[in-house]
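Engineer: The opening position of the sequence shown corresponds to residue -12 in the working numbering, with each subsequent residue numbered one higher.
By construction, the Cβ of each residue, glycine as well, lies at the ideal position given by its N, Cα and C atoms.
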Amino acid sequence: MTGPAATADVIIEREGRIVLVRRKWPPPGWALPGGFVDAGERVGEAAVREAKEETGMNVRLTALLHVYSDPVRDPRRATLSAVFLAESDDAPEGGDDAAEAHWFSLDDLPSPLAFDHAQIIEDYRRFRATGERPPPLR
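(1) ASP83 and ARG28 - do their beta-carbons sit closer together than 7 Å?
(2) Can you tell me which of VAL30, VAL46, TRP12 puts its alpha carbon nearest to the alpha carbon of PRO79?
(3) Taking buried to mean at least 16 other C-beta atoms within 10 Å of its own C-beta, is GLY(-10) buried or exposed?
(4) Which parts of the region -1 to 72 are runs of the beta strand (DSSP E), unbroken and 3 residues or longer, counting only runs that do not cross its ends?
(5) Please list, in chain order, all residues of the same chain as ALA65 whose beta carbon is under 6 Å from its beta carbon, the five residues on each side excluded.
(6) Could you give the residue range of the beta strand (DSSP E) that holds ALA88?
(7) Whole angstroms is fine: what's the gap from PRO14's alpha carbon to LEU96's?
(8) Helix, strand or coil for GLU109 per DSSP?
(9) Quick one, which of ARG113, GLY118, VAL(-3) has its alpha-carbon nearest VAL54's?
(10) Using 8 Å for Cβ pairs, my map puts VAL30 next to ALA(-7). What's the rounded Cβ distance?
(11) Under the three-state reduction of DSSP, which class applies to THR(-6): helix, strand or coil?
(12) In whole angstroms, what separates the C-alpha of LEU19 from that of ARG125?
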C-alpha cells in the first residue's frame, strides 16, 4: 500500500475575492486551482505551476494556510494538499483541467464545490477574520 499523493492548492486572493475553477473532469464542481506535485518538484513550485496551468495567472505565494490530509478528501485516491495563499495582478482564464476560471466574492460562491474545498474556504475566511489557522488535525 502506498501513501497519499501530494497535491498543492492555491487561494488566489484580491480585494475580498478568490479565484475558483470549474473542473473539466470528474469529480465535478468548482475548486481552488491546484493539482498533483510532479516528481522532483517542490510543493510551492507545483502550486505556482498549477495556478498558471488552470487559470493563466502568474501568482506570488504569500503564505501557507494549512496541510489537509483527510483520507477521503478526494474520491479518486488519498491525497494530502498544501494550501497556499497567493496574489496576482492577472485576470483568470480557464485552461488545462479547468473549463473556466473566475473571481468570486466569499459571500457569493458557486455550487457545488469539489473535494473538501468548502471546508478550506471556510478555514481561509476564519484565518482572514481572526488570524487563526486551522487546527492541526483538520
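Structural biologist: This is what the structure holds:
(1) Residue identity check: residue 28 is Glu in the sequence provided, not Arg. Cβ distance not < 7 Å, so GLU28 and ASP83 don't count as in contact.
(2) VAL46
(3) GLY(-10) comes out exposed.
(4) 4 to 10, 21 to 23, 47 to 55
(5) PRO(-9), PRO58
(6) 85 to 92
(7) If you take the alpha carbons of PRO14 and LEU96, they lie about 18 Å apart.
(8) GLU109 falls in the helix class under three-state DSSP.
(9) VAL(-3)
(10) 6 Å
(11) Residue state, collapsed to three classes: strand.
(12) 17 Å
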